[in-house]
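Engineer: Please find one structure pasted underneath; my questions will follow.
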Amino acid sequence: MRSVLRKGSITHLCNKIRCVNRVPWNEGKRRISSATLSSGKRSPSSSRLFSSFETRTFGSQAEQVIDGIAFTIYDNTSIYKEETSSTPIVLIHGCYGSKNNFRVFSKSLKSNKIVTIDLRNHGNSKHTDSMKYEEMESDIKKVLNELHIRNCCIVGFSLGGKVSMYCALKNESLFSHLVVMDILPFDYNERKCHVKLPYNISYMTKILFNIKTNLRPRSKAQFLAHLRAQAPGISSSFEQFICTSLREEAVKAVKAGEAAGNAVGADFTGGADAIGCSAGGPSELQNLVWKINVDTIYRELPHILGFPLNHQERKYHNPCSFIIGQKSDLVYTIPQYQSIIKNYFPSSQNFILPEATHTVYIDNAKECADIVNETLRL
């Protein structure tokens with residue numbers, strides 16, 4: 014399909030996005046007009062909170078934790094009124110990120126239940142010794158089961174996109190719609206072309222692991238100094254992004270032994286990984302808290318970079334869209350990317366964003382939101 018976006022006219026978006034699935038304009042319009050909107054009144058249980066897990070409510074959103082997995086629920090009914098879909102949208106962030114990355118983006122999605130999830134070893138979710146795709150799938154399904162969500166649209170960026178594809182391929186009835194942002198169902202361990210920093214996960218994780226394990230910074234300022242020395246030319250936006258997963262804490266010196274003992278590992282809130290002491294005086298110890306479990310991510314790199322499902326055994330036939338940044342080298346520069354996608358997702362639509370880098374939902378937020386909303390209508 015050429016495009017499914019409706020902002021006044023289909024021409025508006027196609028002037029900005031080039032969809033690589035070429036079909037005649039009239040056919041594209043016919044398919045769009047035949048798409049039905051899954052919207053309706055909110056059911057009495059649509060915003061129900063469950064007392065069996067931790068809950069904090071702020072207006073139309075609720076932050077919760079289930080079995081160590083943190084997530085936030087948003088309801089955009091008050092924004093989009095009758096345009097709001099009753100199909101939930103689940104957002105999965107990328108490596109080193111968190112659900113908070115989608116705080117702004119989620120406001121553009123037309124659903125009465127938007128669930129943003131912190132993957133294990135990220136954000137406020139638990140730190141574990143392993144990070145397999147089947148484990149992350151299980152974490153997501155536990156959250157959806159507790160929320161009584163029986164079908165939804167899953168949307169994933171980068172690593173979150175690979176997790177989303179894995180979930181959709183194994184649970185086609187649960188995940189009725191899929192949107193993948195700038196990543197492939199592909200073993201990146203085998204790729205010969207160089208992926209530039211900061212999105213070379215292998216190289217960047219080794220840098221972060223070395224900084225945390227060997228250099229042991231005591232503050233964000235020290236961390237940034239080490240990062241700039243090991244990755245010259247790193248963008249300020251990526252520096253800020255990583256720092257959102259770091260937190261400085263000051264604790265009393267009497268707890269120094271306890272803090273040192275917590276230097277490796279963390280509880281599910283990300284409240285451990287104490288590192289070093291400050292130069293501020295003998296009465297206090299400064300900790301740098303790492304919300305990303307770099308140790309586990311480093312050990313699991315070969316698995317994370319791979320993709321454990323075989324396209325001859327698994328295919329997904331539900332509505333599916335891939336959003337690809339033309340200035341990114343994780344999808345667009347791989348010559349066979351279209352066939353890689355079609356092998357697993359034969360009904361997929363592929364959208365190229367000419368001005369977008371890897372972070373497509375930041376560089377072209379409105380276009381990405383439009384694609385998600387229109388995929389949901391199919």
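Quick note: to get my numbering, add 13 to the position in the sequence shown (first position is 1). Built from N, CA and C at the ideal position, the CB exists for glycine as well.
Do residue 224 and residue 210 have their CB atoms nearer than 8 Å?
Structural biologist: Residue mapping note: residue 224 aligns to position 211 of the sequence shown, counting from 1. Residue mapping note: residue 210 aligns to position 197 of the sequence shown, counting from 1. Going by C-beta atoms, residue 224 is not nearer than 8 Å to residue 210.
Engineer: Going by alpha carbons, who is nearest to residue 126 out of 220, 212, 238, 90?
Structural biologist: Here residue 126 refers to the residue found at position 113 of the sequence shown. Checked all of 220, 212, 238, 90; the closest Cα to residue 126 is 90.
Engineer: What's the call for residue 143, buried or exposed, on a 16-neighbour Cβ count within 10 Å?
Structural biologist: Reading the sequence shown from its first residue, position 130 is the one you call residue 143. Residue 143 comes out exposed.
Engineer: Helix, strand or coil: how does DSSP classify residue 325 here?
Structural biologist: Stepping through the sequence shown from its first residue, residue 325 is reached at position 312. Residue state, collapsed to three classes: coil.
Engineer: Between the region 311-323 and the region 331-341, are three or more C-beta pairs nearer than 8 Å?
Structural biologist: At 8 Å Cβ cutoff, the stretches do not touch.
Engineer: DSSP three-state label for residue 218, please.
Structural biologist: Locating residue 218 in the sequence shown gives position 205, counting from the first residue. Residue 218: helix per DSSP, three-state reduction.
Engineer: Just grab the DSSP bridge partners of residue 235 for me.
Structural biologist: As a first step, residue 235 must be located in the sequence shown, where it is residue number 222. None, per the DSSP bridge assignment.
Engineer: Quick check on the DSSP output: the alpha helix (DSSP H) that includes residue 165 runs from which residue to which?
Structural biologist: To locate residue 165, count along the sequence shown from 1; it is residue 152. Segment 165-170 is the beta strand (DSSP E) holding residue 165; no alpha helix (DSSP H) there.
Engineer: Can you name the residues that DSSP bridges to residue 362?
Structural biologist: Within the sequence shown, residue 362 is the residue found at index 349, counting from 1. Partner(s): 334.
Engineer: Counting only runs that start and end within the region 88-155, where is the alpha helix (DSSP H) found for 4 or more residues in a row?
Structural biologist: Runs found: 90-93.
Engineer: Could you pull out every residue in the same chain whose Cβ sits closer than 6 Å to the Cβ of residue 274, ignoring the five residues on either side in sequence?
Structural biologist: Your numbering for residue 274 matches position 261 in the sequence shown. The predicted model places residue 274 with a pLDDT of 40, which falls under 50 and marks its position as unreliable; any figure quoted below should be read in that light. Correct list: empty, nothing qualifies.
Engineer: On the three-state DSSP scale, how would you describe residue 369?
Structural biologist: Locating residue 369 in the sequence shown gives position 356, where the first residue counts as 1. Three-state DSSP puts residue 369 in coil, outside helix and strand.
Engineer: Which residue marks the beginning of the beta strand (DSSP E) containing residue 188, and which one marks its end?
Structural biologist: The count along the sequence shown starts at 1 and reaches residue 188 at position 175. Residues 188-194.
Engineer: Nearest to residue 300 by alpha carbon, out of 306, 262, 320?
Structural biologist: Position 287 of the sequence shown, counting from 1, holds the residue named residue 300. Nearest of 306, 262, 320 to residue 300, Cα basis: 262.
Engineer: Does DSSP put residue 260 in a helix, a strand or coil?
Structural biologist: If you number the sequence shown from 1, residue 260 lands on position 247. Of the three classes helix, strand and coil, the one that applies to residue 260 here is strand, per DSSP.
Engineer: What would DSSP say about residue 300, mapped onto helix, strand or coil?
Structural biologist: By one-based count along the sequence shown, residue 300 stands at place 287. Residue state, collapsed to three classes: strand.
Engineer: Residues in the same chain with beta-carbon distance under 7 Å from residue 208, minus the five sequence neighbours each way, listed in chain order, please.
Structural biologist: Numbered from its first residue, the sequence shown carries residue 208 at position 195. Excluding positions up to five away in sequence, the list reads 342, 343.
Engineer: Going by Cα to Cα distance, which pick from 157, 200, 350, 231 is closest to residue 302?
Structural biologist: Within the sequence shown, numbered from 1, the residue matching residue 302 stands at position 289. The residue with the shortest Cα to Cα distance from residue 302 is 231.
Engineer: Tell me whether residue 354 sits in a helix, a strand or coil according to DSSP, three-state version.
Structural biologist: Within the sequence shown, the letter at position 341 stands for residue 354. In this structure, residue 354 counts as helix in the three-state DSSP scheme.
Engineer: When the distance is taken between beta carbons, is residue 381 closer than 8 Å to residue 439?
Structural biologist: A question about residue 439 goes unanswered here, because the residues of the chain that appear run from 14 up to 391.
Engineer: Report the three-state DSSP secondary structure of residue 305 (helix, strand or coil).
Structural biologist: Within the sequence shown, numbered from 1, the residue matching residue 305 stands at position 292. Residue state, collapsed to three classes: coil.
Engineer: Candidates 372, 82, 318: which alpha carbon is nearest residue 158's?
Structural biologist: Taking the sequence shown and counting its residues from 1, the one referred to as residue 158 is at position 145. The shortest Cα separation from residue 158 among 372, 82, 318 belongs to 82.
Engineer: Helix, strand or coil: how does DSSP classify residue 317 here?
Structural biologist: Reading the sequence shown from its first residue, position 304 is the one you call residue 317. Three-state result, residue 317: helix.
Engineer: Work out the CA separation of residue 352 and residue 100 for me, nearest whole Å.
Structural biologist: To locate residue 100, count along the sequence shown from 1; it is residue 87. To locate residue 352, count along the sequence shown from 1; it is residue 339. Spanning the two alpha carbons is a distance of roughly 29 Å.
Engineer: Taking just the CA atoms, how far does residue 374 sit from residue 386?
Structural biologist: Translated into the one-based positions of the sequence shown, residue 386 becomes position 373. Translated into the one-based positions of the sequence shown, residue 374 becomes position 361. Near 13 Å, if we compare the C-alpha coordinates of residue 374 and residue 386.
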